[in-house]
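A.B. asks: Sequence order for the protein chains is A and B.
In this text, residue positions in the first sequence follow my numbering: the first is 37, and each later residue adds one.
In this text, residue positions in the second sequence follow my numbering: the first is 10, and each later residue adds one.
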Amino acid sequence: MLILPLFPNYQKALTQTAAEIQAGNLVVFPSDTVYILAVDPSNQSAVNKLLAFKNRWPGKAISIAVLDVNMAQKYAYLNQNTLDLYQNLFPGPFTIISPGKNLLARGIEAENQSLGIRIPNSPPVLDLLKILKKPITATSANLSGRTPHYSISAFLKTLSLKKQSLISLVVDAGVLPRNKPSTVIDALESDLKILRPGQILLSPDHQIISNSETETSQVAKHLLNKIKNYSPLKPIVFLLSGDLGCGKTVFARALAKNLGVTQKILSPTFVIYNHYSLSHPTLKSFYHFDLYRLKNDFEFKEIHFFEHFNCSSIYALEWPENMGQKNLNKLKKITTTIPILFHYLGPTQRQISFTLPQP
Amino acid sequence: MYLLGIETSCDDTCAAVLSDQKILSNVISSQVNLHAQWGGVVPDIAKRAHQQRIEPVVKTALNRAKLNIQDIDIIAVTQGPGLAIALSVGLNFAKSLALEHQKKIIGVNHVEGHLLSNFLQNRRGLPLRSQSFPALSLTVSGGHTKIVLIHHIGQYQIIGETLDDAAGEALDKSAKLIGLGYPGGPAIERLAKTGRPDFLTLPSPLPDKKILDYSFSGLKTAFYYQIKDWPKSKIAKNLPDLAASIQNAVFSTLLRKFELAIQKTQPKLLLLSGGVASNLTLRRKMRLLAKKYSLPIYMPFKKELNTDNAAMIALVAFYKAQKQQFSDPDTLDVNANLEL
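(1) Under 9 angstroms between beta-carbons, which chain A residues line up against S226(B)? List them in chain order, please.
(2) With DSSP as the reference, label I132(A) as helix, strand or coil.
(3) Quick check: the Cα distance between N124(A) and W239(B), rounded to an integer number of angstroms?
(4) For chain A, find out if any of its Cβ atoms is closer than 7 angstroms to the Cβ of K229(B); answer yes or no.
(5) Quick test of the definition: if touching needs 3 or more C-beta pairs under 8 angstroms, does the segment 122-137 of chain A touch the segment 191-203 of chain A?
(6) Going residue by residue through the segment 51-129 of chain B, where are the continuous alpha helix (DSSP H) segments of at least 4 residues, counting only ones entirely within it?
(7) Pick from L200(B), R199(B) and D181(B): whose alpha carbon is nearest that of G193(B)?
(8) Please list the residues of the segment 372-392 of chain A that have a C-beta atom closer than 9 angstroms to any C-beta atom in chain B, keeping them in chain order.
(9) Could you tell me whether any Cβ in chain A is nearer than 7 angstroms to the Cβ of Y233(B)?
(10) Within 10 Å of its beta-carbon, does H119(B) have 16 or more other beta-carbons around it, so buried, or fewer, so exposed?
(11) Excluding five sequence neighbours on each side, which residues of the same chain lie with their C-beta closer than 7 angstroms to the C-beta of K262(A)?
(12) Check each residue of the segment 174-197 of chain B: if its Cβ is closer than 9 angstroms to any Cβ of chain A, include it; give the result in chain order.
(13) For T171(B), which residues in chain A fall below 8 angstroms Cβ to Cβ?
(14) Measure the alpha-carbon distance for K6(B) versus D339(B) and round it to whole angstroms.
(15) Does the Cβ of E147(A) lie closer than 6 angstroms to at least one heavy atom of the ligand MN?
(16) Give me the Cα-Cα distance between R199(B) and N247(B), rounded to the nearest whole angstrom.
(17) Using the three-state DSSP reduction, which class does T340(B) fall into: helix, strand or coil?
(18) Let me confirm a value: R62(B) is counted as buried when at least 16 other C-beta atoms fall within 10 Å, else exposed. Which label applies?
(19) Using a Cβ-Cβ distance under 7 angstroms, would V102(A) count as near chain B?
(20) Which bits of chain A does N288(B) rub up against, with CB to CB less than 7 angstroms?
(21) Between L275(A) and K284(A), is the Cβ-Cβ spacing less than 7 angstroms?
(22) Would DSSP call V207(A) helix, strand or coil?
(23) Where L364(A) and P304(A) are concerned, what is the direct C-alpha to C-alpha distance, given to the nearest angstrom?
(24) If we define contact as Cβ-Cβ less than 7 angstroms, is L71(B) a contact residue for chain A?
(25) Run through chain B and tell me which residues come within less than 8 angstroms of F274(A), C-beta to C-beta.
(26) Tell me A179(B)'s beta-bridge partners as DSSP assigns them.
(27) DSSP on N42(B), reduced to helix/strand/coil?
(28) Under 6 angstroms Cβ to Cβ from L12(B), same chain only, skipping five residues before and after it: list those, please.
(29) Note down the Cα distance separating L228(B) from D326(A), rounded to an integer number of angstroms.
(30) Going by the DSSP bridge assignment, what does V285(B) pair with across the sheet?
(31) Just grab the DSSP bridge partners of F325(A) for me.
(32) How many Å lie between F126(A) and N294(A) at the Cα?
(33) To the nearest angstrom, how far is it from the Cα of P214(B) to the Cα of S313(A)?
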């Protein structure tokens with residue numbers, strides 16, 4: 037077993053990992069959630085090695101990581117609902133279960149031929165998949181029934197020498213942030229089911245549930261990762277709707293923090309908008325608007341509202357309903373709007389739903 | 010020393026003339042009427058109104074002081090924090106005035122103005138207030154909520170501040186929730202007089218005694234979710250009790266953290282300023298707190314000095330001028346996020 041640091045020779049580490057996986061060997065690799073056990077899922081002896089390592093009874097599925105929706109469609113049947121989920125949730129800390137095409141080694145798909153697929157929000161995993169041009173297994177690096185690991189040393193300590201000998205390569209990226217494993221969503225039937233709640237929770241009707249400001253921040257981070265898919269020629273505007281006190285400002289604050297704003301994010305109600313400078317490669321400013329006090333179309337013209345929007349800025353806008361349908365349509369034309377709806381479930385629980393537009 | 014102060018950080022266009030600490034004139038062109046139809050401050054409206062009013066307001070201030078612009082030694086102007094577009098109207102006007110008449114100019118932090126507003130005097134030099142430091146100041150308005158320890162004039166330490174909404178905003182938003190319109194603070198105060206402050210049970214935010222910061226967003230949320238399913242008639246029937254409950258929750262929070270700050274910083278003097286300092290209930294509570302710790306407490310001597318005004322801006326410039334802290338008119342610029 038060789039332990040190889042992911043940095044500083046990133047490219048070399050990836051090439052070596054790819055070579056090991058192509059040779060049918062077992063590699064421990066960092067992901068956006070926990071360390072994963074990566075083998076070539078189409079290589080039967082490699083998969084056998086993985087099953088032996090995990091002590092997994094055959095018949096229980098092993099999820100795979102793919103590069104994009106096209107790669108996923110090679111191995112599983114994705115219906116329109118599932119494609120929408122892919123659009124909204126990937127890349128991100130989710131595993132979506134769909135009917136498999138039975139093209140992979142035995143032990144990957146479950147007995148009912150279902151296949152768990154992830155597109156992790158992890159540049160190393162995605163870069164590795166680009167080199168391999170095929171999926172890898174993405175099951176968490178632990179023995180079945182044990183908790184997953186965030187550091188290599190902690191993981192190796194739990195292993196017998198015999199188990200250790202099954203691993204060919206460990207790619208060490210240090211201690212990973214304590215993110216929970218992915219949320220597993222069963223998309224086999226028209227009703228989605230959550231099989232394992234992860235760091236971002238979904239409610240029965242597919243909406244995300246946040247139990248704390250930290251979890252809301254995870255959702256904001258997830259959404260910020262999605263904006264790269266959209267045209268750089270249109271500014272991104274998050275439209276935050278929902279009753280007073282259901283977490284819109286908390287979400288805007290989470291956006292700002294994830295964009296690197298270090299100042300306090302105060303309520304812009306009094307001043308209508310706050311402006312924050314960013315030290316970001318492409319974005320210069322974050323604008324936090326609150327239209328709470330505005331009421332009609334006439335008022336909108338008066339504030340030269342539309343002149344505030346430009347491509348080098350990103351926007352969070354509270355109370356978009358106060359701008360009226362006509363202005364909203366105009367805003368949608370000149371910007372990429374991402375509507376986010378907040379719903380109060382309880383004193384510390386909010387439901388957050390969003391629909392990502394087509395890129 | 011004669012000072013002309015100009016302040017346009019938010020919804021009021023203000024100008025004032027001081028002779029040292031003494032107010033010769035203090036003109037506030039309140040735009041509350043203009044904003045009432047909007048339910049708040051709107052940047053470009055504010056900007057346009059500032060542009061229309063700045064010249065007449067400054068002229069009126071000079072006339073009332075019975076002075077000409079030539080008599081003025083120093084022009085003081087608010088640099089921030091506030092609305093960038095509103096601030097720039099005052100700043101540009103002050104700069105061109107300074108350039109035209111060869112006057113020294115001093116850029117002033119609006120919050121520092123509030124802190125020191127307690128040391129303003131009337132034309133006859135009253136009230137005479139001794140300055141003992143460190144002084145602990147509570148500034149409460151629709152846009153600011155801050156506890157500041159003043160080591161001496163010019164040296165400030167923020168002890169606590171709001172992490173989300175300002176205290177005045179919490180009152181304004183709660184007022185709007187129960188249909189009291191804008192600005193809601195005075196309406197809340199009026200109704201609260203006959204209401205029961207314990208009618209609703211509201212949380213006390215950030216209970217940790219080590220934290221001296223404020224958070225009012227959760228209070229407003231708790232208030233909203235207690236009454237959101239009530240029919241209008243029930244809200245209308247209980248208006249005084251609702252007003253008293255939210256006002257009490259906001260003020261208790263203000264006082265609780267301020268008392269912790271007193272214990273922590275051992276000041277020699279207490280100060281209260283900002284628009285919400287006009288509220289008589291808050292003033293009474295603050296006086297009782299000061300009495301408990303046998304400390305003197307100052308509040309601005311006139312009601313107009315609680316809210317935004319240019320006299321406090323000129324006063325800060327008066328102290329700065331004594332230390333020769335003049336601004337360079339070429340580089341003086343607006344800073345909407347200016348920190349204390």
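Backbone N, C-alpha and C define an ideal beta-carbon position, used for all residues, glycine too.
Quantities reported herein were computed from a predicted structural model and do not represent experimental measurements.
C.D. replies: Per the coordinate set shown:
(1) Using a Cβ-Cβ cut-off of 9 angstroms, S226(B) is close to G281, T285, V286 and S303 of chain A, given in chain order.
(2) It is a strand residue.
(3) 37 angstroms
(4) yes
(5) no
(6) 52-73, 93-110 and 119-125
(7) D181(B)
(8) Y380 and P383
(9) Yes, contact with chain A.
(10) buried
(11) Excluding sequence neighbours, K262(A) sits near L392.
(12) Result list: D174, A175, G177, E178, D181, K182, K185, L186 and Y191.
(13) L302
(14) Examination of residue 6(B) is not possible in this model, given that chain B is present from 10 through 349 alone.
(15) Although the ligand MN was asked about, the structure shown includes no ligands whatsoever.
(16) 14 angstroms
(17) In the structure shown, the three-state DSSP call for T340(B) is coil.
(18) buried
(19) Chain B, which has no Cβ nearer than 7 angstroms to the Cβ of V102(A), makes this no.
(20) The premise fails here: N288(B) is roughly 17 angstroms from chain A at the closest Cβ pair, so nothing lies under 7 angstroms.
(21) no
(22) Strand.
(23) 20 angstroms
(24) no
(25) Identification of chain B residues near F274(A) by a Cβ-Cβ cut-off of 8 angstroms yields none; the smallest Cβ-Cβ distance measures about 18 angstroms.
(26) According to DSSP, A179(B) bridges with nothing at all.
(27) Bear in mind that the predicted position of N42(B) carries a pLDDT of just 48, short of 50, making it unreliable; the figure below should be weighed with that in mind. DSSP places N42(B) in helix when its eight states are reduced to three.
(28) L27, I83, A85, A323, A326 and F327
(29) 19 angstroms
(30) Looking at the DSSP assignment, V285(B) forms no beta bridge with any residue, so it has no partner.
(31) Y309(A) and L353(A)
(32) 18 angstroms
(33) 30 angstroms
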